[in-house]
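The opening residue of the sequence shown carries number 7 in the numbering used here; numbering runs sequentially from there. Don't be surprised by glycine CBs; every beta carbon is placed ideally from N, CA and C. Only one structure is covered here, and it is reproduced in the block below.
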Amino acid sequence: RRSKHQTTFHALQIEALIMEMQNPDTGIKTQTQRVMITNIPHAVAGNDIFQWILQRLQITNEEALHLGDLFVKYGYIYPLQEPKNLTLRTDGSLYRFQTPYFWPAQNWPADDTDYAIYLAKKNIKRKGILEEYEKEHYNMLNKKINYKWDFVIMQAKEQYKAGKERKKADRYALDCQERAYWLVNRTPIMYYQQAIMKSRVKSSVSLGGLVKYSEQFLSNDPILSGCLPSNPWITDDPDFWDLNAKLVEIPTRMRVERWAFNFSELIRDPKGRQNFQLFLKKEFSGENLSFWEACEDLKYGDQSKVKEKAEEIYKLFLAPGARRWINIDGTTMGITVKGLKHPHRYVLDAAQTHIYMLMKKDSYGRYLKSPVYKEMLAKAVVPQETVKKSSNFPFGRRHLRSSPSPIILRQQEEEAKAKEAAATVDITQVMSKLDRRTTPRLPSPSSSHLHRPQQAAPQPYGPAPHTACPSPISMALESSELQQEDGCEVLVVLLHLCLLVMVFFQIKMDIPLESQICPIGSEGEDGQQRTHKDFAKEVICPWESPTEQGRAG
7 RRSKHQTTFH
17 ALQIEALIME
27 MQNPDTGIKT
37 QTQRVMITNI
47 PHAVAGNDIF
57 QWILQRLQIT
67 NEEALHLGDL
77 FVKYGYIYPL
87 QEPKNLTLRT
97 DGSLYRFQTP
107 YFWPAQNWPA
117 DDTDYAIYLA
127 KKNIKRKGIL
137 EEYEKEHYNM
147 LNKKINYKWD
157 FVIMQAKEQY
167 KAGKERKKAD
177 RYALDCQERA
187 YWLVNRTPIM
197 YYQQAIMKSR
207 VKSSVSLGGL
217 VKYSEQFLSN
227 DPILSGCLPS
237 NPWITDDPDF
247 WDLNAKLVEI
257 PTRMRVERWA
267 FNFSELIRDP
277 KGRQNFQLFL
287 KKEFSGENLS
297 FWEACEDLKY
307 GDQSKVKEKA
317 EEIYKLFLAP
327 GARRWINIDG
337 TTMGITVKGL
347 KHPHRYVLDA
357 AQTHIYMLMK
367 KDSYGRYLKS
377 PVYKEMLAKA
387 VVPQETVKKS
397 SNFPFGRRHL
407 RSSPSPIILR
417 QQEEEAKAKE
427 AAATVDITQV
437 MSKLDRRTTP
447 RLPSPSSSHL
457 HRPQQAAPQP
467 YGPAPHTACP
477 SPISMALESS
487 ELQQEDGCEV
497 LVVLLHLCLL
507 VMVFFQIKMD
517 IPLESQICPI
527 GSEGEDGQQR
537 THKDFAKEVI
547 CPWESPTEQG
557 RAG
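Written out as C-alpha cells, the structure is:
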C-alpha cells in the first residue's frame, strides 16, 4: 500500500510538470505539423522539450535528457514519426502530449478484453498485418477469452466504423494515443532477442569454475576455515590485525601463499606489491609497477588535482626522454597523449591496461620462481591458535551450550529399562557366595587368633536334603561374630546378600518354636499370639517342603 501511494505521489508531481509544459503562456509552444499527408495539431519538437526542461529545472544536459526519456517511456509524451522509439530525441522529431485519460495516475487497468479489442480493430484496419509479438498476443487472447470472442469482434467493428466518421487529423491523433498507451502497457518482449546476442558458456564449465575457486580459497575463508591465531571479534585479541597489517614486516604464510593464486591477488595486497617491486628492481623494470600505482592514484585519488597529477605522470613516464620511461606501443601512446589534452580520471586507462597485462604475462611467472618470493615464503610466520579469552564486557553474547535432544534421552531411558528387565539373577552365584561366607574356616597356622575356623570346601548347590535352610538373621548374627573375630568387613557384604535373597524369593513365613509352619499375616490368627516369644520370622527355601522342616525339627 505504501509503494502504491508513493508511486501515485510521484505520478502527480510529473503530471503537474506536464500540465505546466502545456501552459499557453509559460509552457512549450505547440503548432500544427504535417506528418506524411496529415496535419497534426498541437505537435512539439523534441529539442523544444529538452530546452524547456533545462531552463525550468536548472539541471544538467544528461539529467534533462534522462527525464525526457522517462516522460516518453511512461506515456506522458509519445512520438509521431517513430512510434516504437520510446526515447526523447533532441532534434526536430515531432512529439505530442498524451491525453490525461491515459495517464498512469488514472489507474486505468490494461485489461485483456480492451487489448483484444484494440488488436482486433488493428487487424481489421490492416487486413491481418500485425507485428510478430502482436500476433502472438492475439492468438493467446483468442484462446484465453474465447467464450466472449464474439463480443470482442463486435466491439472492434463498431469502433472501426465510428473512427471512420471522425476527421482525418482527429482519427490519426486518436490512433497515436491508443497505440502509445498499449506500447507502454504491453511492450514487446525483447528478452529472447537480446539473449541470443549474449555469449553462452556451458553450465558444466561455469560450475567447474565455481568449485575450483571455492576449493582454492577455502583455507582463506574466515567463516569456513576460521582465522588464526583467533577471531578478534570473539576473543578481543588484536594479534590477528597485527599479523595481517598492510605493510607488516613478516606476513603470515597463508597471506604469502595467496599471492600465488593469481596476479590480481598479488597486485591487490600492499605487502605483495612491495615484494613484487623488489623483484622488478632486480630486473630493471620497476617503473612498470610505479606507473600502475600512479594511474590508480589518479583514478581514485583527489579529483581536484587530476590535471596536475596527469601532467606529472606524463613527464615522469610518457614524455620522450622521461626519467622512468615505460615501453608501450605507438597506438596506445597516441591514444594516451591525445586524451591528456583534456585530462580526466580515466585518461590513462589504455596505457595502464597495457602495462598490467605486460606484468601479468611476463614478470609474474618469473617472480613466483624467483628467490625473492621463495625467501619471503620461507620466513613467513604460521600463527598458532590461541585459547579464547573471556570478555569482561557484561553485555556480550553468552556462550550457549547445546543440550541433548529429548528424543535421544527418551531412547536412552527405554534402552536402560530394557537392559534391566532382560538382566536375570544367577541364584547359583548368590548361594555360592553365601556358602563361602557362612561355612566355618579352619584356623591358619600364621593367624594370631586361637578360635579362627578354617574355611571348608565349597558346598554343592543348595544344602543337604535333610538340613534346614539357614535363617538370614542367624547368618547375619553369626557373620557379626566372625567380623568381630576376623577383623574383616564381612557383615556389610553379607547383609547386602541377604537383602538380595529376600527380595528374590519374596516369601516370608512365620515358624513357631514348635516347628509349626504358619504364613505371616494369615487370617484367623490372633494378633496377641504373634509375639516375639512365640514366633520367629524365617524365609523358606524353595527346595524344602514343610514336612521336611517338621522332620528336621
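Put simply, the backbone Cα of T96 is about 45 Å away from that of K366. A buried status is given to W298, since no fewer than 16 other beta-carbon atoms sit within 10 Å of its beta-carbon. In this model, I413 and L230 are separated by some 30 Å (Cα to Cα). Between A17 and H48, the alpha-carbon positions lie close to 23 Å from each other. Membership of Y84 in any alpha helix (DSSP H) is not indicated; the residue belongs instead to the beta strand (DSSP E) covering 83-85. Along the stretch 67-125, the beta strand (DSSP E) occurs as fully enclosed runs of 3 or more residues at 83-85, 100-103, listed in sequence order.
Checking the DSSP bridge columns, you'll see V387 partnered with T258. Using a Cβ distance threshold of 8 Å, Y370 and F269 count as a contacting pair. If the five residues before and after G33 are omitted, its C-beta is found closer than 7 Å to the C-beta atoms of E26, M27, all from its own chain and listed in chain order. When secondary structure is reduced to three states using DSSP, A325 falls in the coil class, being assigned neither helix nor strand. Straight through space, the alpha carbons of F157 and A126 are spaced by roughly 11 Å. Pairing L60 with F77 gives a Cβ-Cβ distance that is not under 8 Å.
Remark: C-beta atoms of A116 and R40 do not approach each other more closely than 8 Å.
According to the DSSP assignment, I55 belongs to the alpha helix (DSSP H) that extends over 52-63. Residue environment for F290: exposed (fewer than 16 other C-beta atoms within 10 angstroms of its C-beta). Distance check between A111 and each of Y80, A122, E140 places Y80 closest, using alpha-carbon atoms only.
Sorting P257, K287, L234, T338 by C-alpha distance to the C-alpha of P276 places P257 at the top. A direct Cα-Cα distance of roughly 11 Å separates W58 from L71.
Residue K90 holds the alpha-carbon nearest to the alpha-carbon of W188 among W155, L234, K90, K167. In this structure, E184 sits near Y124, with a CB-CB distance shorter than 8 Å. From the listed residues P349, A356, A122, E318, the smallest Cα separation to G336 is found for A356.
Exposure of R330 is indicated by the presence of fewer than 16 other C-beta atoms within 10 angstroms of its C-beta.
In this structure, DSSP gives P47 an extended state, which the three-state scheme calls strand.
For F323, the CB contacts under 6 Å within the same chain, skipping 5 residues up- and downstream, are F297, R330, I332 in chain order. The straight-line gap separating the alpha-carbon atoms of Y219 and Q309 is approximately 36 Å. Judged by DSSP in its simplified three-state form, V41 adopts strand. Counting of Cβ neighbours within 10 angstroms places A162 among the buried residues, the total reaching 16 or more.
The DSSP-derived three-state label of S291 is coil. If you look at I413, you'll find it in the alpha helix (DSSP H) that goes 412-428. A straight line joining the alpha-carbon of D120 with that of Y166 spans about 14 Å.
Of the residues L92, L415, L147, the one whose Cα lies closest to the Cα of L73 is L92. In the structure shown, H143 adopts helical secondary structure according to DSSP, grouped into three states. Taking 4 residues as the minimum length, the alpha helix (DSSP H) runs contained wholly in the stretch 357-388 are 370-374, 377-384, in order along the chain. Here the alpha carbon of R177 sits roughly 55 Å from the alpha carbon of S212.
In this structure L272 is not in contact with F285, their Cβ atoms being roughly 11 Å apart against a cut-off of 8 Å. Non-local C-beta neighbours of P244 in its own chain, meaning closer than 7 Å and more than five positions away in sequence, comprise P238, ordered along the chain.
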